[in-house]
Structures are given as C-alpha cells and as structure tokens.
Amino acid sequence: MSRYLLDANVFIQAKNLHYGFDFCPAFWEWLVSKNQDGLVASIDKVSDELQAGDDDLSVWANDRNGSFFLKPDDSVLPALSSVSIWATGQNYASAAISTFLQVADYWLVAHALAHECIVVTHEVPTDSVRKIKIPNACIGLGIKCVSPYEMLRRERARFVLGATQRMP
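Read in my numbering, the sequence shown has 322 at position 130, and its numbers run on one by one without any break.
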C-alpha cells in the first residue's frame, strides 16, 4: 500500500472551491480517517504554508500537525540530495532552481522519493524553464504523481447524502 502525500494546493483549493468546510465536511473527515489508516498524509512544510493563512484551513492544519503532517526523517535527507541533483541537472533557469530548493515542494518530492509515496497535486507538468513544477520533478525522479480527483477515485471515496441517495 502506497501512501499519498498531499501538496498544499490540494488543501487550499478544496477549502476555497469544491470541498468547503461549511458544505462538504465529509471530504475533511475522509482525509482524517485515511490518515489514521496510514494512507493519506502531508509534510510539516506544507502545514507551515497552510497555517500562515490564518483561516479555517490553518485551524484544521494546526489541529492535525503532529499526526497528519510528517517531519523529515533520516531517509529524507539523502533524498533531498537526489532531488537537488536532479533539479540542478535540468534546463531550468537558476532562479527557478533556487526557488524550488527553498519551498515545501522540494521537501514534498524528497519525502515521496524516500518513502515511495504517491504525490497528490493540482499542478500539471509544463515545459517552462521558469518554474519547477511538482509533476515535472516527479516524472524526472520516477515518482508517481496524481490529481486529488484521481486519488479519490482510486480510493473509492464516497461523500453521500444519506444512506439511500441515488444518482439520477
């Protein structure tokens, strides 16, 4: 069983768009439940980004900081080096490399590499040399990367109103 590691944009877009806390609490309950099962997590650097928002999402992240958002362990440090070597060996602008090596994305990819996790993000690969996108790094390093919707479908998540609701 592979663990899914979620990018900050998964939480942010869920809160702002499709799975707002006020009308779709089942999404957030599903995340917590699947985290308890060892299937879904993120990293502490993503939590830092979420907590900077000072909103419902920052409160949610803060309430889960110890269990949901993983700290780097000894296996992540060599993976950081591998990700850095990959990034600097590509055709990206030096500013893009420098920025990537300073943000949570770098740590997320390294954690996924170290622990053979599947990265979940809304980002899509691009040919731009101005920014290193998570899917590009994942492709380059042989890490599986999926959208949140693909994760939800693979895991057969169901957010159902009542026990007998049917699709029209």
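For each residue, glycine too, the CB sits at the ideal point set by N, CA and C.
Classified as exposed, residue 267 has fewer than 16 neighbouring CB atoms from the shown chains inside 10 Å of its CB. Listed in chain order, the non-local C-beta contacts of residue 276 below 8 Å within the same chain comprise 293, 298, local neighbours out to five positions each way being set aside. Here the stretch 219-227 makes contact with the stretch 249-268; the two share three or more CB pairs at distances below 8 Å.
In summary, residue 313 is buried, with 16 or more beta-carbon neighbours lying within 10 Å of its beta-carbon over all protein chains present. Look at residue 194 here: in three-state DSSP terms it is coil, with no helix or strand label.
Cα atoms of residue 342 and residue 329: separation of roughly 19 Å, rounded to the nearest angstrom.
Annotation for residue 319: no residue places its beta carbon closer than 8 Å to its own, counting only its chain and skipping 5 residues before and after.
The Cβ atoms of residue 309 and residue 223 do not sit closer than 9 Å to each other.
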